[in-house]
């Protein structure tokens, strides 16, 4: 069923609103994927706070025109599913993880920070740990010298205690 002009304007406005607050857009070709698998993908995207939508490419091009994602317009051909989020890594991670289990989903391109990403770059972006993991790693690095120093002081105190007891 085709959309009339008002419906098209509404879709472009909805997608433009998502793009305005987005840091990353990732597109993938979904040709041949069963509806049940797409439903699972959409559920995973919702859990991660990712806006996932199948769009007509002409409407998507209008939505990204005059934004930092305008360079992505050259890659918008074929049946594509669009993954958009204000989280820089989530759209890439959702589509990349699903593509690992379903070979019919093919990552095409992405855009982050005004730069167009190819498939390898999208996969590299997806492999970046989440914010919580990065913060935990940073905290571990910050605590390491302090805890090492505390262990050394405890060992020295224990040695002096043995010498005094003898």
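Numbering (our numbering), first residue to last: 114 to 279. Glycine included, each C-beta is placed from N, C-alpha and C at the ideal position. Since the model is a prediction, treat every value here as computed from it, not as a measurement.
In the three-state reduction of the DSSP assignment, residue 149 falls in the helix class.
Between the C-alpha atoms of residue 118 and residue 132 there is a straight-line separation of about 21 angstroms. Put simply, of 176, 166, 179 and 198 the residue whose alpha carbon is nearest the alpha carbon of residue 192 is 166. If the five residues before and after residue 183 are omitted, its C-beta is found closer than 6 angstroms to the C-beta atoms of 177, all from its own chain and listed in chain order. Residue 265 and residue 256 have their C-alpha atoms roughly 14 angstroms apart. Assignment of beta-bridge partners to residue 137 by DSSP yields 198 and 225.
Annotated as distal: residue 137 and residue 242, with beta-carbon spacing of 8 angstroms or more. Contact between residue 124 and residue 223 fails: their C-beta atoms lie close to 21 angstroms from each other, not under 8 angstroms. Contact annotation: residue 163 and residue 196 have beta-carbon atoms nearer than 8 angstroms. The three-state reading of DSSP puts residue 252 in helix, counting H, G and I together.
About 17 angstroms separates the beta carbon of residue 230 from that of residue 218, a gap too long to meet the 8 angstroms contact definition. Ranked by Cα distance from residue 228, the first of 248, 169, 188 and 274 is 188. By the neighbour-count definition (other C-beta atoms within 10 Å, threshold 16), residue 198 is a buried residue.
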